[in-house]
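**Q** Let me begin by handing over the structure; questions about it come next.
Protein chains: 2
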Amino acid sequence: MPPALRADARHNRDRILEAARALFAARGLDVPMAAVARRAGVGVATLYRRFPTRESLVTTVFADQLRTCAGTVDEALADPDPWAGFCGVVEKVCAMNVLDRGFAAAFLTAFPDAADFEATRVRAEEGFAVLTRRAKEAGRLRADFDRSDLTLVFMANNGINAPSTRAALAASRRLVALLLHSFRADVAGPDGAGAPLPPPAPLDLYHLPWPGTGA
Amino acid sequence: MPPALRADARHNRDRILEAARALFAARGLDVPMAAVARRAGVGVATLYRRFPTRESLVTTVFADQLRTCAGTVDEALADPDPWAGFCGVVEKVCAMNVLDRGFAAAFLTAFPDAADFEATRVRAEEGFAVLTRRAKEAGRLRADFDRSDLTLVFMANNGINAPSTRAALAASRRLVALLLHSFRADVAGPDGAGAPLPPPAPLDLYHLPWPGTGA
DNA sequence: GCTCAAGTGGACGACCCCGTCCGCTTACCG
DNA sequence: CGGTAAGCGGACGGGGTCGTCCACTTGAGC
Chain A
1 MPPALRADAR HNRDRILEAA RALFAARGLD VPMAAVARRA GVGVATLYRR
51 FPTRESLVTT VFADQLRTCA GTVDEALADP DPWAGFCGVV EKVCAMNVLD
101 RGFAAAFLTA FPDAADFEAT RVRAEEGFAV LTRRAKEAGR LRADFDRSDL
151 TLVFMANNGI NAPSTRAALA ASRRLVALLL HSFRADVAGP DGAGAPLPPP
201 APLDLYHLPW PGTGA
Chain B
1 MPPALRADAR HNRDRILEAA RALFAARGLD VPMAAVARRA GVGVATLYRR
51 FPTRESLVTT VFADQLRTCA GTVDEALADP DPWAGFCGVV EKVCAMNVLD
101 RGFAAAFLTA FPDAADFEAT RVRAEEGFAV LTRRAKEAGR LRADFDRSDL
151 TLVFMANNGI NAPSTRAALA ASRRLVALLL HSFRADVAGP DGAGAPLPPP
201 APLDLYHLPW PGTGA
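As C-alpha cells, this is what we get:
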C-alpha cells in the first residue's frame with residue numbers, strides 16, 4: 001500500500017484522470033501523453049510519475065466503467081427471464097462501447113498485468129456464462145451459441161465507424177438487433193433456417209501494443 | 001496520357017506495387033512509405049515520384065482486387081437464384097477483406113479523387129442494389145433490408161481481430177452466417193421474431209486520413 | 001516560521017515518419 | 001558510339017511522440 005498522496009498531488013491526479021477520460025472517449029486510446037498532461041494542466045513529468053505506463057492510465061480510467069459492466073451482468077442474473085437478461089447485457093455493453101471508443105478498445109484488450117482490471121473482466125465473463133447456460137436451458141438461446149460469440153459481437157460492434165456518435169449508436173443498435181435475432185433458439189431450428197453455423201473461432205483479445213488497427 | 005516509362009522505371013514500379021501489396025496485406029494501410037521503398041529495393045524518391053501520395057499507391061495496389069469484387073457482383077447477377085447470389089457476394093467480399101487488412105481498409109475508405117477506383121465501387125454497389133431488389137421480390141430477403149446494411153456488415157466484419165488469419169477467417173465466416181441468417185425473409189416474420197429492427201443508420205465511408213482506428 | 005521531502009514543470013535527447021532536393025547513373029535514340 | 005533527359009538513391013529539414021532528468025516550489029509537521 002503506497003503512502004497517501006499529498007493534497008495537491010491528489011488533486012492533480014484527479015485532474016489527470018478526468019482529462020484522460022475525456023480524451024480517450026473522444027479520440028481513442030492513442031492520444032499523446034503530452035495532450036493528456038496539457039489538458040489536465042500539469043507537466044508531463046507529473047503524468048508519468050503518477051502513471052508510469054499508458055496501460056496503467058488506461059486501466060485506472062476505465063476501471064469503474066468496467067465495474068458498471070460487471071454490475072449489468074449481475075442485474076441480468078437477477079432477472080427471472082434469462083433471455084431478457086442476455087439481450088440486455090449485450091445491448092448495454094455495446095452501447096457503452098460505441099459511446100466511448102476508448103472504452104471499447106480497453107474492453108477488447110488484454111492487460112496481462114493490471115490485476116484488478118482483469119479480475120473484474122473475468123468475473124463479468126463468468127456471470128455471463130451462467131446467463132448463457134440459463135438462457136439455453138430456457139430454450140430461448142440457440143444451443144450452439146459459444147463463449148467466443150460474445151467477443152465476436154463486441155469486435156463486430158467495435159468495427160462500426162460513423163460520422164457522428166448519434167449515427168454510430170443507431171448503427172450499433174441495428175447490428176446488435178440483427179445478431180441477437182440470429183441467436184434466438186426459435187429461429188435457429190432446421191426448418192427454413194438451413195445449414196448449421198460455421199464453427200466458432202478462438203478469439204483472443206487484442207494484444208498490446210495498442211492496435212486500433214495493427215496486430 | 002503520360003509518356004511510356006523507361007524499361008527500368010517500369011520494372012521498379014512493378015516492384016513497388018508488389019512490395020506495397022505484401023506490406024498492406026500484412027500490416028494495414030499505414031506502413032511507412034520508407035518501408036515500402038526498402039522492401040522494393042528502391043529509394044524513397046523513386047516511390048514518391050511514381051506515387052506522389054499514399055492514396056495513389058493504395059488505389060493502384062487494390063484496383064484489381066476491387067475489380068474482382070465487382071466481377072463477383074456481376075456473377076451473382078447472372079445467378080438465377082438472387083438469394084444465393086446475395087449471400088455469395090457478402091461471403092466472398094467479407095472473406096477477401098479478412099484475408100487482407102489493407103484491402104478491407106481501402107474498401108471502406110472514400111477516395112474522393114481516385115476516379116476509376118470510385119467508379120468501380122459505385123458500379124458494384126449499383127449491381128448489388130439490383131441483386132437486393134430481386135432477392136426481396138423473390139421473398140427471400142427481408143423487406144426492411146437497407147442499402148446501409150451492406151456497409152454495416154463490412155464494418156462489423158472489419159472489426160474482427162484474431163491472432164491468426166485462419167482464426168480470423170473462421171470468425172468472419174461465423175459472423176457473416178449469423179448476419180445473413182437475420183436477413184432471411186422467412187425468419188423475419190412477426191411470428192416469434194418479435195420487435196421490428198431498429199432503423200438503419202446513415203453510414204458514410206471512412207474519411208481520410210487513414211483511420212484504421214482514428215476518425 | 002522553518003525544514004525538508006514530496007511534488008512540479010519544462011527542457012531535452014532519442015527515435016520515427018514525411019516529403020523534397022540534388023548530384024550521380026543509365027536507358028534510349030540517332 | 002555518344003549525348004541527353006529520364007531515372008535514381010540517399011541525405012536532409014521539419015514535425016511529432018516518448019520518457020527522463022533536474023533545478024525549483026510547496027505542503028505538512030514540528
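Sequence lines, in order, name chains A and B.
Read in our numbering, the first sequence has 197 at position 197, and its numbers run on one by one without any break.
Read in our numbering, the second sequence has 65 at position 65, and its numbers run on one by one without any break.
Glycine is no exception: its CB is placed at the ideal position from the N, C-alpha and C atoms.
1. Using alpha carbons as the reference points, say which of N97/B, L179/B and M1/B lies closest to Q65/B.
2. Is the separation between the beta-carbon of P199/A and that of A170/B shorter than 8 Å?
3. Among the candidates S172/A, D144/A and D149/A, whose CA atom is the shortest distance from the CA of E125/A?
4. Using a cut-off of 9 Å between C-beta atoms, extract the partners of M155/A located in chain B.
5. Let me confirm a value: M1/B is counted as buried when at least 16 other C-beta atoms fall within 10 Å, else exposed. Which label applies?
6. Which of the three DSSP states is assigned to P190/A in this structure?
7. Looking at C-alpha atoms only, which residue of R50/A, F145/A, D116/A and N158/A is the closest neighbour of V130/A?
8. Expressed to the nearest angstrom, what Euclidean distance is found between the alpha-carbon atoms of K136/A and C87/A?
9. Using a C-beta cutoff of 8 Å, does S56/A count as contacting chain B?
10. Please list the partners that D204/A has in chain B, where partner means a Cβ-to-Cβ separation under 9 Å.
11. Report back the beta-carbon spacing between V90/B and V187/B to the nearest angstrom; my notes put them in contact at under 8 Å.
12. What is the DSSP secondary structure of R184/A, counted as helix, strand or coil?
13. Please state the DSSP three-state secondary structure of T53/A.
14. Under 8 Å between C-beta atoms, does V187/A make it to chain B?
15. Using a Cβ-Cβ cut-off of less than 8 Å, give me the residues of the segment 30-46 of chain B that come near chain A, in sequence order.
16. Could you give the DSSP three-state label for L141/A: helix, strand or coil?
17. Does H216/B have its Cβ less than 8 Å from a Cβ in chain A?
18. T109/B bridges to which residues according to DSSP?
19. Find the residues of chain A that neighbour A201/B, judging by a C-beta separation of less than 7 Å, and give them in chain order.
20. Between P198/B and chain A, is any beta-carbon pair separated by less than 8 Å?
21. Looking at A37/B: is its Cβ nearer than 8 Å to the Cβ of G28/B?
22. Looking at C-alpha atoms only, which residue of M33/B, L152/B and A4/B is the closest neighbour of L17/B?
23. Does any CB atom of chain B fall closer than 8 Å to the CB of L152/A?
24. If contact is defined by three or more beta carbon pairs under 8 Å, each pair taking one atom from either stretch, is the segment 153-163 of chain B in contact with the segment 149-161 of chain A?
25. Helix, strand or coil for D96/A per DSSP?
26. Find the residues of chain A that neighbour L141/B, judging by a C-beta separation of less than 9 Å, and give them in chain order.
27. Give me the residue from A201/B, F24/B and C94/B with the minimum Cα distance to R216/B.
28. Alpha carbon to alpha carbon, what distance is there between F111/A and D14/A?
29. Could you confirm whether any beta carbon from chain B is found closer than 8 Å to the beta carbon of P190/A?
**A** Result, derived from the coordinates:
1. N97/B
2. yes
3. Here the closest residue by C-alpha is D149/A.
4. Correct list: A156, G159, I160, N161, A162, A171 and L175.
5. exposed
6. Note on P190/A: pLDDT 49, under 50, position unreliable in the model; the coordinate value appears next. Looking at P190/A - three-state DSSP - the assignment turns out to be helix.
7. For V130/A, the closest of R50/A, F145/A, D116/A and N158/A by C-alpha to C-alpha distance is F145/A.
8. 13 Å
9. no
10. N161, A162, P163 and A167
11. Incorrect: roughly 16 Å between the Cβ atoms, too far for contact.
12. strand
13. coil
14. Between V187/A and chain B, the shortest Cβ-Cβ separation is below 8 Å.
15. Taking 8 Å as the Cβ-Cβ cut-off against chain A, the residues of the segment 30-46 of chain B that qualify are D30.
16. strand
17. Within the shown structure, residues of chain B are numbered from 1 to 215, placing residue 216/B beyond reach of any answer.
18. Y206/B
19. A162, A167, A170, A171 and R174
20. yes
21. no
22. M33/B
23. yes
24. yes
25. Residue identity check: residue 96/A is Met in the sequence provided, not Asp. Three-state DSSP puts M96/A in a helix.
26. Residues of chain A passing the Cβ test: none, with the nearest at roughly 13 Å.
27. Because chain B in this structure spans residues 1 to 215, residue 216/B falls outside the shown range and cannot be described.
28. 22 Å
29. Note that P190/A scores a pLDDT of 49, beneath 50, so its modelled location is shaky and nothing firm can be said.
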